[in-house]
């Protein structure tokens, strides 16, 4: 037995580094969380996309995955909950992610289907003052039978207990074993008491965790068994998502429990632990929990899982979440992130599609696509005021009423009024004609009921209007002396400014709706580009052939600034 426990285990990152002195918790707990069917729905992926532990099987599964936007969105939601589970556990004690596959296969699979989780695992490899290390322990080889698998798991649990206890006392396992300190720490009650919380879909793993007693007689095993291990009976993503949410509440309760227990989740009813549930009621030895979970139309809507009454009728503004908070933040500039706003404005000029990635991450963290920070709209409003005053001064406007009229047209009519109309129209078209329906039969409510938020539609208008503002308010202002000419070249330049402005407005609007994974056929939103191009070409033809001058720059300045 002594020889077996001294074997090394493939681990990414390698075992050995001790956590910082500020990251100790009392009493000590360590978490062993299985990768398969606990953190990642591997059985579901095997069933849904044919994922197999071979190179050809992985490539075939990736090809199916990249063509299924529904699946991408659902896995992104699952991924966010998996990260939250690991973050919750790592705040309490060291976390060991165990996989019976090779470390390379796990890394490749994680990078392909859960890229943000893969990135987070790299950053979580080092302990900080806020959390312990998260380590990955992989099988050294492919097992021929369950006996070999069980033997490796038993040795792995013993090794994890040694590492956790030694690192908790500020030394690495190798150093402690060389000095004989490891055995001394493990055999004493005060130093060797460890709550070993194991979460697995394998009954073999649960049994193997009890072998940790061979290395540490004062270990306190706390096990939970979740459904999984068989693609034929794999949880769908709806229930897997709920299971991850349940486990987030479970790890904190399990760590605080001072005695051993074993519990299991009964498929397919998995729900969140109620905040009012007492740990003593749940964590009794050898309990089986059948938690009925009634999913709302959007499981991301609330971590408290409270039911909200639904309003009847098609209220245009029912998607505008958190409007009171949004407007309240307008009155306090300290609550607005101006640096991020200016960064987004610059990004809109050079890489507009990148701006909408922040909306995707906001959906995963705050359950809303729209901005909750009004800084972008406030800065845009200020820019409009400055630009309008600059135009008025340039054209020698000397009437307060005229100033008020210009400001009213720029802010209320062109920006706000036009934005309300376009945003509402695009919002209605997207929800009624561009939203995908769930025809895959997956039964996953994670994405079926997704709808475009009206406030996000207005955000898209603000993004698009910023580029239009640069063309028609800034560039046109700088070129105004030259655009006053009646020459064909200036007609070409003036109309090109308007065409580019409205063309980019259309394109950035298209990018905004294309970023939503539950919409399809969004390229239809590019159809106005045909009208813009046709108008531009027609003005040139009319001038060249018939001598009829249609100069949009002249028409605009005459409308606003004619005496």
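Numbering (this note's numbering), first residue to last: 459 to 1021. For glycine and all other residues, C-beta sits at the position ideal for the given N, C-alpha and C. Here the structure is a predicted model, which means the values were calculated and not measured.
Where does residue i fall in DSSP's three states?
i            : result
residue 604  : helix
residue 679  : strand
residue 489  : strand
residue 550  : coil
residue 799  : helix
residue 945  : coil
residue 496  : coil
residue 512  : coil
residue 1006 : coil
residue 805  : helix
residue 663  : helix
residue 718  : coil
residue 692  : coil
residue 977  : strand
residue 1030 : Any property of residue 1030 remains undetermined from this structure, which presents the chain solely from 459 to 1021.
residue 854  : coil
residue 893  : strand
For the alpha helix (DSSP H) that contains residue i, what are its first and last residues?
i            : result
residue 1012 : 1010-1019
residue 654  : No alpha helix (DSSP H) holds residue 654; the beta strand (DSSP E) holding it covers 652-658.
residue 596  : Per DSSP, residue 596 belongs to no alpha helix (DSSP H); it is in the beta strand (DSSP E), 592-596.
residue 559  : Neither: residue 559 is in no alpha helix (DSSP H) and is coded neither H nor E.
residue 575  : 573-581
residue 886  : 876-887
residue 990  : 986-999
residue 811  : 810-813
Residues in the same chain with beta-carbon distance under 7 Å from residue i, minus the five sequence neighbours each way, listed in chain order, please.
i           : result
residue 889 : 909 and 910
residue 939 : none
residue 979 : 892
residue 924 : 803, 806 and 838
residue 987 : 961 and 964
residue 735 : Legend: pLDDT at residue 735 = 38, less than 50; position of this residue unreliable, value from coordinates given subsequently. Counting only Cβ-Cβ distances below 7 Å, and skipping sequence neighbours, we find nothing.
Confirm, please, whether the CB-CB distance from residue j to residue i is below 7 Å.
i           : j           : result
residue 414 : residue 712 : Lying before the first or after the last residue shown, residue 414 is absent from the chain, which here runs from 459 to 1021.
residue 579 : residue 702 : no
residue 912 : residue 873 : no
residue 489 : residue 536 : no
residue 817 : residue 827 : yes
residue 639 : residue 623 : no
residue 835 : residue 799 : no
residue 563 : residue 511 : yes
residue 674 : residue 650 : yes
residue 720 : residue 681 : yes
residue 532 : residue 575 : no
residue 881 : residue 916 : yes
residue 990 : residue 961 : yes
residue 919 : residue 875 : no
residue 795 : residue 831 : yes
residue 994 : residue 957 : yes
residue 984 : residue 971 : no
residue 659 : residue 790 : no
Could you give the first and the last residue of the continuous beta strand (DSSP E) run that contains residue i?
i           : result
residue 705 : Premise fails: residue 705 lies in the alpha helix (DSSP H), 695-714, not in any beta strand (DSSP E).
residue 642 : Per DSSP, residue 642 belongs to no beta strand (DSSP E); it is in the alpha helix (DSSP H), 639-645.
Could you confirm whether any beta carbon from chain E is found closer than 7 Å to the beta carbon of residue i?
i           : result
residue 983 : Note that chain E does not occur in the displayed structure, where there is just one protein chain.
Looking only at its chain, what residues have a beta carbon closer than 6 Å to the beta carbon of residue i, apart from the 5 residues adjacent to it on each side?
i           : result
residue 705 : 543
residue 810 : 966 and 969
residue 470 : Its pLDDT being 34, under 50, residue 470 is placed unreliably in this model, and the coordinates cannot settle the point.
residue 733 : Only weak support exists for where residue 733 lies, its pLDDT of 34 falling under 50; the coordinates are left without a value.
residue 900 : Here residue 900 scores only 42 on pLDDT, less than 50, and its place in the model should not be relied on; the value that follows carries that caveat. Cβ neighbours of residue 900 beyond the five flanking positions: none.
residue 663 : 611
residue 549 : 589
residue 546 : 706 and 709
residue 505 : 689 and 692
Leaving out the 5 sequence neighbours to the left and right, which residues in its chain are closer than 8 Å to residue i when beta-carbon positions are compared?
i           : result
residue 815 : 973
residue 767 : Low local confidence applies: a pLDDT of 42 at residue 767 is under 50, so the model's placement there is unreliable, and no value is given.
residue 849 : 864, 931, 935, 1018 and 1019
residue 855 : 861, 864 and 1019
> Taking contact to mean at least 3 C-beta pairs separated by less than 8 Å, is the region 860-870 in contact with the region 948-966?
Replying inline: As far as the Cβ criterion goes, the region 860-870 does not touch the region 948-966, which means the pair count is below three.
>> If contact is defined by three or more beta carbon pairs under 8 Å, each pair taking one atom from either stretch, is the region 663-670 in contact with the region 635-647?
In response: No, the region 635-647 is not in contact with the region 663-670.
>> I'd like to know if the region 565-579 and the region 607-623 are in contact, where contact means that at least 3 CB-CB pairs between them fall below 8 Å.
In response: With a cut-off of 8 Å, the region 607-623 and the region 565-579 do not count as touching, because too few Cβ pairs lie within range.
>> For the pair the region 686-699 and the region 496-509, tell me if three or more CB-CB distances fall below 8 Å.
In response: Yes, the region 686-699 touches the region 496-509.
> If you pair each beta-carbon of the region 1000-1019 with each one of the region 928-945, do three or more pairs fall below 8 Å?
Replying inline: By the Cβ criterion, the region 1000-1019 is in contact with the region 928-945, since at least three pairs of Cβ atoms, one from each stretch, lie closer than 8 Å.
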